[in-house]
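Last residue of the sequence shown: number 200 in UniProt numbering, and the count goes up by one each step with no gaps. All C-beta atoms in this analysis are idealised placements derived from N, C-alpha and C, irrespective of residue type, glycine included.
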Amino acid sequence: MEYVEKATKDIRDNWFGDHVAEIQGEEGLQVIYWGKPGTNMYRTKFVLAGYNVFISGDIGEAVYNLTCPATLENIKGFNLGYFTEKLTAFCEERWNFDEEKAKRELDEYWKEYDINETREDGQEVYDRIISAIDESSSMEGYHFWLSDVYHSSSLDSDTLEDLWNFGKRLPRRLIGYWLGLQMAIEQLEKSKPAAEAVTL
């Protein structure tokens, strides 16, 4: 199972398994309260205003600026990739750094391009990049150490560009924001016909 699929299943089951959605307001300015009754664990508030989605609560804060009005109907069709592209502010770094993923990607790249055979100092550069990965706990740190390797070795700019995003991993919180909003919208849509039937 891929990282996003595993994270989605875990978040659905363990973060939001017993959550209930409540909505207030009208299209153009709506607030969705998403939480498990009786607890604040993973409780989240989604504010849909104009073309923006503001998120706050137990799992942090974020702002998304959409290219269409922030309505339930529009948002329910967004996949994770599209929604994440609209992120304009986040309480943490935009990407997590995954050391194991970076090493795996480096190994695959080094073998695919046969760099140890095509460069005289291929193994030395590889070892220095592994050291850069080991020193890093964030994408920013990885970029710093990788740039150091670039400036002090035969690593060329094309290879640097190829290596730049190794280890890049979407934070679980961002998956949670998207999934929580999708689950809340789905729940609200299911309860909508019952609410309409009562008012008839």
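{"Check": "F78 versus G176: straight-line alpha-carbon distance, rounded", "Outcome": "14 Å"}
{"Check": "Proximity below 8 Å, CB of F166 to CB of E105", "Outcome": "yes"}
{"Check": "C-alpha gap between Q182 and N96, whole angstroms", "Outcome": "23 Å"}
{"Check": "Cβ-heavy atom distance, I75 to the ligand GTP, below 7 Å", "Outcome": "Although the ligand GTP was asked about, the structure shown includes no ligands whatsoever."}
{"Check": "Counted within 10 angstroms of its Cβ, other Cβ atoms place F83 as buried (16 or more) or exposed", "Outcome": "buried"}
{"Check": "Segment limits, beta strand (DSSP E) that includes W34", "Outcome": "L29 to G35"}
{"Check": "Residue environment, Y3, which counts as buried when at least 16 other CB atoms sit within 10 Å", "Outcome": "exposed"}
{"Check": "Close beta carbons around L66, own chain, < 6 Å, minus the five adjacent residues each side", "Outcome": "Y51 and K86"}
{"Check": "Spatial neighbours of residue 202 in its chain, beta-carbon cut-off 6 Å, leaving aside the 5 residues before and after", "Outcome": "Past the boundaries of the shown model lies residue 202; the chain is included only from 1 to 200, so the question cannot be answered."}
{"Check": "Straight-line gap, T159 to W15 (C-alpha atoms, nearest Å)", "Outcome": "40 Å"}
{"Check": "Neighbourhood of W145 by C-beta, 7 Å cutoff - its chain only, sequence neighbours within 5 removed", "Outcome": "A132, E135 and S136"}
{"Check": "Through-space distance from I129 to K168, alpha-carbon basis", "Outcome": "15 Å"}
{"Check": "Straight-line Cα distance separating Y64 from K190", "Outcome": "25 Å"}
{"Check": "Residue of F90, N74, L72 and T39 minimising C-alpha distance to E61", "Outcome": "F90"}
{"Check": "Check whether L72 and A49 have beta carbons under 8 Å apart", "Outcome": "no"}
{"Check": "Neighbour-count burial assignment, T39, 16 or more Cβ in a 10 Å radius", "Outcome": "exposed"}
{"Check": "Residue 235, enclosing beta strand (DSSP E) - first and last residue", "Outcome": "Not covered by the structure: residue 235. The range shown for the chain is 1 to 200."}
{"Check": "Simplified DSSP assignment, three categories, for S59", "Outcome": "One point to set straight first is that residue 59 is Ile, not Ser, in the sequence displayed. It is coil, neither helix nor strand."}
{"Check": "Pair within 8 Å by beta-carbon distance, D162 and Y109", "Outcome": "yes"}
{"Check": "Local conformation of N65 per DSSP, three classes", "Outcome": "strand"}
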